[in-house]
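Reading through the structure tokens given below for one structure.
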């Protein structure tokens with residue numbers, strides 16, 4: 001991940017590039033908290049109870065799966081695995097939902113407020129097998145790669161690409177990794193056009209056996225401030 005914020009007293013520069021795993025299944029993370037926005041019909045993993053200051057919503061798993069619960073509350077300890085001390089992970093297209101984890105140590109108030117409240121923009125850069133997500137919250141710019149090939153087939157959820165009107169829903173979890181405190185939760189939706197473009201890119205990626213390493217190296221050479229334009233970021237819905 002690269003990120004930049006001109007408003008922060010500890011400004012992130014384009015040459016301070018910190019990348020985290022593009023998917024938690026590299027480390028065996030198999031379930032995250034979620035809401036049933038775009039959901040698979042065949043739920044094979046546990047769902048969770050989410051509490052974020054609003055009335056809680058319970059998502060029922062299949063009857064043969066015993067229900068388990070995890071509580072997520074802003075200002076409390078974050079109970080889920082975070083795979084990098086400083087970085088972002090796009091944990092998308094799993095049977096348990098789509099979660100963007102943003103890990104930043106020693107968050108300052110302006111950064112947390114921006115990620116929680118500023119309009120969120122998203123876009124992708126596709127080159128060969130690389131799908132690079134770019135996210136923008138006000139003046140904060142983040143990027144992280146996504147590789148659907150490392151998600152086990154039994155855990156992967158691929159929506160129908162013929163439906164060009166669906167909106168992928170994403171949960172954003174902001175974690176201060178210096179204290180492991182959850183500093184923000186928000187829910188956004190991608191536009192139908194961006195959702196369709198991403199899903200089409202995933203289909204191509206799954207058929208491409210090339211290594212991501214050289215493509216990531218080239219993306220690392222791009223100044224972070226250019227990424228939103230190259231990714232054609234667009235405002236997410238709520």
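In full-length UniProt numbering, the protein residues as written are 1 to 238. Cβ atoms here follow ideal geometry from the backbone N, Cα and C, with glycine treated the same way. Model, not experiment: these values are computed from the prediction.
Best match in 201, 134, 209 for proximity to residue 222 [C-alpha to C-alpha]: Numbered from 1 along the chain shown, position 222 holds the residue referred to as residue 222. Checked all of 201, 134, 209; the closest Cα to residue 222 is 134.
Measure the alpha-carbon distance for residue 85 versus residue 71 and round it to whole angstroms. Indexing the chain shown from 1 puts residue 85 at position 85. Indexing the chain shown from 1 puts residue 71 at position 71. Each residue's Cα considered, the two are about 22 Å apart.
Contact belief for residue 180 with residue 101 at Cβ below 8 Å, rounded distance in angstroms: For the purposes of this step, residue 180 is taken as residue 180 along the chain shown, with counting starting at 1. For the purposes of this step, residue 101 is taken as residue 101 along the chain shown, with counting starting at 1. In fact, because the Cβ distance is near 12 Å, the residues do not count as touching under 8 Å.
For the beta strand (DSSP E) holding residue 136, just list the boundary residues, first then last. Taking the first residue of the chain shown as 1, we reach residue 136 at position 136. Per DSSP, residue 136 belongs to the beta strand (DSSP E) from 130-137.
With 16 other Cβ atoms within 10 Å as the buried cut-off, status of residue 171: Walking along the chain shown from the start, residue 171 turns up at place 171. Flag for residue 171 reads buried.
Extent of the continuous alpha helix (DSSP H) run through residue 113: Within the chain shown, numbered from 1, the residue matching residue 113 stands at position 113. Counting along the chain, the alpha helix (DSSP H) containing residue 113 begins and ends at 109-117.
Select from 231, 91, 224, 168 the residue whose C-alpha is nearest the C-alpha of residue 199. As a working note, residue 199 is residue 199 in the chain shown. Here the closest residue by C-alpha is 168.
Residue 84 by DSSP, collapsed to three states: which one? Start at 1 with the first residue of the chain shown, and residue 84 comes out as number 84. Looking at residue 84 - three-state DSSP - the assignment turns out to be coil, as it is neither helix nor strand.
Quick one: what's got a C-beta closer than 6 Å to residue 106's C-beta in the same chain, skipping five residues either side? Stepping through the chain shown from its first residue, residue 106 is reached at position 106. Only 178 meet the Cβ criterion.
Just reading off the alpha helix (DSSP H) that residue 158 is part of, what are its end residues? Residue numbering aside, residue 158 sits at position 158 when the chain shown is read from its first letter. Per DSSP, residue 158 belongs to no alpha helix (DSSP H) and is neither H nor E.
Is the number of C-beta pairs between the stretch 112-129 and the stretch 201-221 that are closer than 8 Å three or more? yes
Just to confirm before moving on: does the CB-CB distance between residue 89 and residue 183 stay below 9 Å? For the purposes of this step, residue 89 is taken as the residue at position 89 of the chain shown. For the purposes of this step, residue 183 is taken as the residue at position 183 of the chain shown. The answer is no: Cβ separation not under 9 Å.
DSSP three-state assignment for residue 151, whether helix, strand or coil: Numbered from its first residue, the chain shown carries residue 151 at position 151. Coil.
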